[in-house]
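See below for the structure under consideration.
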Amino acid sequence: MTTVRPHAAAAPGSKAEAEVSRAAEGAPEASPQEQKRRPVTLRTICKDYVLAGEKFACLTCYDATTAKWLERAGVPMLLVGDTAAEMILGYASTIHAPLDFLITLNAAVKRGAPCTFVMADMPFMSYQAEEAEGIRNAGRFMTEGMADAVKLEVDRSFTPLVEKMAKAGVPVVAHIGCRPQQAKLRGGYRSVGRTAEEAAGMVADAVAMEKAGAVMLLIEAAPNEVSARIVEKTNIPVIGCGAGPACHGQIVVLHDMLGLTDWQPAFARPLVAMGSEMVEAARQWIDKVRRSDLGEHPYRMKEGDAGKF
Ligand code: KIV
């Protein structure tokens, strides 16, 4: 894929350069509808965001309707995360996300947001046990799940698997740093890269993953200095999830952003209170039903049939 390096000036052929020439010609900026129709791809992420020095937003998403609204809002990238195990299925950990369920959700999100770059999260034990099984499962995400890329929680020991996936034509997003699928082994979730040794290990993981053929990196829960070093040492887009502003893109769990969760990490504070709005709407509905305040009934029997009935 195209190698990228962020810089301040508008890159030739980039979205930023197009906006500059439109402005010079006195043309209006591209409308959200105009931008929406252009499919987001790995190439456009590199060109329109990373090379243009523009940060990109990414959110988790688990269904077609929500995906449609997020695409309308202009979010260029969605992740069908294994957090679906928590947000959709009500488990306490991501390790419970079933493979077939995630493939189904991924396809639903892509149908809802056909122009958005949709990443599939490979669940616990879908790629760790056997390389061949991992590659086939990644293929299922791309064919049945219509994924644009698959995300794996990895370190440099996964180099052979990522190399084989890349060789098979699978765009891999390497998720490094805090890896929630390892929480049981490590005694819970914790930030990574706070000691010099850990930070150096993360940089080595990132460099090894790029060399193996990963097309993007996702760093979870790490200090900004470590992310900045990874951005400097690699040439692929870097998404941060609580990994500081140095990353090219930022992701949070949608339900945290919408105020639907009871607790959120410090980097994912809610921007709206949709949980409270849902409670308010449900209470109004309860009240309407109790009062039989249902409006005019839309269905009537055919003329004459009511008498025969
Ligand atoms: O599964 C998920 O939602 C994730 C993000 C939190 C990065 O991996």
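Residues in the sequence shown are numbered from 0 upward in steps of one, following numbering that gives the first Met the number 0. Just so you know, even glycine gets a beta-carbon here, dropped at the ideal spot from N, CA and C.
Query raised in the report: Under 7 Å from any heavy atom of the ligand KIV, does the C-beta of Cys45 make it?
Result: Here the question's residue 45 lines up with position 46 in the sequence shown. Distances between the C-beta of Cys45 and the heavy atoms of the ligand KIV are all 7 Å or more.
Requested in this report: Compute the beta-carbon to beta-carbon distance between Ala84 and Ser92, rounded to the nearest angstrom, for a pair I have assumed lies under 8 Å.
Outcome: By 1-based counting over the sequence shown, the position of residue 84 is 85. By 1-based counting over the sequence shown, the position of residue 92 is 93. Indeed, because the Cβ distance is near 7 Å, the residues count as touching under 8 Å.
Query - Given Phe100 as reference, the closest of Ala112, Gly111, Val79 once Cα atoms are compared - result: Your numbering for residue 100 matches position 101 in the sequence shown. Selected option, being the one with the closest Cα: Val79.
Report task. Closer than 8 Å by C-beta to Val288: which residues in its own chain qualify, once you throw out the five before and the five after it? Chain order, please. Result -> Taking the first residue of the sequence shown as position 1, residue 288 is located at position 289. Taken in chain order, the list of residues that qualify is empty.
Query raised in the report: Which residues bound the alpha helix (DSSP H) around Gln283?
Result: By 1-based counting over the sequence shown, the position of residue 283 is 284. Start and end: 273-289.
Query raised in the report: Would you report the Cα separation of Cys177 and Arg189, rounded to the nearest angstrom?
Result: In the sequence shown, the residue the question calls residue 177 occupies position 178. In the sequence shown, the residue the question calls residue 189 occupies position 190. For Cys177 and Arg189, the distance between alpha carbons rounds to 6 Å.
Requested in this report: Taking Pro244 and Cys45 to be in contact with their CB atoms under 8 Å, please state how far apart those CB atoms are, rounded to whole angstroms.
Outcome: Here residue 244 is taken as the residue at index 245 of the sequence shown, counted from 1. Here residue 45 is taken as the residue at index 46 of the sequence shown, counted from 1. Pro244 to Cys45, Cβ: 19 Å. No contact.
Query raised in the report: In terms of residue numbering, what span does the beta strand (DSSP E) encompassing Ala119 cover?
Result: Here residue 119 is taken as the residue at index 120 of the sequence shown, counted from 1. Here the beta strand (DSSP E) through Ala119 covers 116-120.
Query raised in the report: With a Cβ-Cβ cutoff of 8 Å, do Phe116 and Gly248 count as a contact?
Result: Within the sequence shown, the letter at position 117 stands for residue 116. Within the sequence shown, the letter at position 249 stands for residue 248. Contact: no.
Query raised in the report: On the three-state DSSP scale, how would you describe Pro56?
Result: Position 57 of the sequence shown holds residue 56. Looking at the sequence provided, one finds Ala at residue 56 rather than Pro. Three-state result, Ala56: strand.
Query raised in the report: Comparing alpha-carbon positions, which option in Tyr90, Ala119, Leu41 lies nearest Asp62?
Result: As a position in the sequence shown, residue 62 is number 63, starting the count at 1. Closest option to Asp62, Cα to Cα, is Ala119.
Query raised in the report: So which residues touch the region around the ligand KIV, with touch meaning a C-beta under 7 Å from any heavy atom?
Result: Answer in sequence order: Thr59, Leu78, Gly80, Asp81, Thr82, Thr93, Asp120, Lys150, His174, Pro179, Leu217, Glu219, Cys240, Ile250, Val252.
Report task. Using a threshold of 8 Å, state whether the C-beta atoms of Lys49 and Leu77 are closer than that. Result -> Locating residue 49 in the sequence shown gives position 50, counting from the first residue. Locating residue 77 in the sequence shown gives position 78, counting from the first residue. Per the sequence shown, the amino acid found at residue 49 is Val instead of Lys. Note that the C-beta distance between Val49 and Leu77 is not below 8 Å.
Report task. Can you tell me which of the three DSSP states Cys246 falls into? Result -> To locate residue 246, count along the sequence shown from 1; it is residue 247. Correct three-state label for Cys246: coil.
Report task. Could you check if Val3 is buried or exposed, using at least 16 other CB atoms within 10 Å of its CB as the buried criterion? Result -> The residue given as residue 3 occupies position 4 in the sequence shown. Because Val3 carries a pLDDT of 37, less than 50, the predicted location of this residue cannot be relied on, and the following value inherits that uncertainty. Buried.
Requested in this report: Using 7 Å as the cut-off, classify the Cβ of Asp292 as near or not near the heavy atoms of the ligand FAD, replying yes or no.
Outcome: Among the ligands in the structure shown, the ligand FAD does not appear; only the ligand KIV can be found there.
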